[in-house]
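The opening position of the sequence shown corresponds to residue 1 in our numbering, with each subsequent residue numbered one higher. Here is the structure we will look at, set down as C-alpha cells.
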Amino acid sequence: MAELKARMPCEGLLPLTFGGVNLDEADLGVMTSVVLLGEEAALSSALSDAHGVGFPKANRTSGKEGGVRCIWFGQRQAMLVGTAPADALQEHAALVDQSDGWCAVTVEGEDVEQVLERLVPIDVRRMHFKRGYTARTQVGHMSASVTRTGPRAFLILVFRSMAASLVHELGQAMRAVASRRGEG
1 MAELKARMPC EGLLPLTFGG VNLDEADLGV MTSVVLLGEE AALSSALSDA
51 HGVGFPKANR TSGKEGGVRC IWFGQRQAML VGTAPADALQ EHAALVDQSD
101 GWCAVTVEGE DVEQVLERLV PIDVRRMHFK RGYTARTQVG HMSASVTRTG
151 PRAFLILVFR SMAASLVHEL GQAMRAVASR RGEG
C-alpha cells in the first residue's frame, strides 16, 4: 500500500531572496471559511469570546500576525486562521475547513511594494494600503487575498493548486526589481 505524506504547497520552491525582498511560505495552521448567516454583531461577539478576534470589517483583518486572525474574504465572509473554530460559532456562521486548500506566502523587504505593483492591480503603497488592510484581488493571473502585515510585509493567499505559479510570478517580479537596482 502506498504511504502518503503531507506536504506544504511550496515545499522545495521556497524560500527565495532577490535584492533584499524575501519570499517564504507561511504555515497558518487551521484555516476555516466563516460565512455569516445572521447578525454580524452576534458572530463578532462569539468570535471574540471564543478566539479573541472579531468579525473583520470589509477589507480589514482582526487579530495579530502569528496568532489567531480573521481575514476579510468577501461580503459576509472571512477566513479564520490559526485555530479550529469553537462550536459556538456554528450558531452564527457556516464553517468549512479550508486548511489544505490554500497556499500562504509572506513577501517582505525594502522593495516589496515595487514587486507587488508588477502583479497586483490595486494600490498597495503604505499610504493607501495600511497594516491590517486586506483585499481579494489578482496576483498576476491568480485570484488571491493580499494582506499588509507590516510596513514592508504582505501575506498572500492563493489556491493550493496555484502555489508553483505564485512562486514563479513573484520570483520573476523580484528578479526584475532587483535587476533595476543593479542587484539581480
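Quick reminder that beta carbons are idealized off the backbone N, C-alpha and C, glycines included.
Problem - Reference Met-79, options Pro-151, Ser-145, Val-177 and Val-167, closest by Cα - result: Ser-145
Practice task
Please confirm if the region 11–20 is in contact with the region 166–179, defined as three or more CB-CB distances below 8 Å between the two stretches.
Solution key: yes
Exercise for the section: Please go through the region 32–105 and give each complete alpha helix (DSSP H) segment of 4 or more residues, from N-terminal end onward. Expected result: 40–51
Practice task
Work out the CA separation of Asp-111 and Gln-98 for me, nearest whole Å.
Solution key: 31 Å
Exercise for the section: Classify Gly-150 as helix, strand or coil using the three-state DSSP reduction. Expected result: strand
Practice task
Please list the segments of the beta strand (DSSP E) lying wholly inside the region 105–162, counting only runs of 3 or more residues, in order along the chain.
Solution key: 134–139, 142–150 and 153–159
Exercise for the section: Please determine, among Met-8, Met-1, Ala-2 and Glu-3, the residue with the shortest C-alpha to C-alpha distance to Ala-104. Expected result: Met-8
Exercise for the section: Would you mind stating whether Val-139 and Leu-116 have Cβ atoms separated by less than 9 Å? Expected result: yes
Exercise for the section: For Leu-23, name the three-state secondary structure that DSSP assigns. Expected result: strand
Practice task
Inspect the CB distances between the region 29–46 and the region 71–78 and report whether three or more fall short of 8 Å.
Solution key: yes
Exercise for the section: Compare the Cα-Cα distances from Glu-108 to each of Leu-23, Glu-11, Cys-10 and Met-1 and report the closest residue. Expected result: Leu-23
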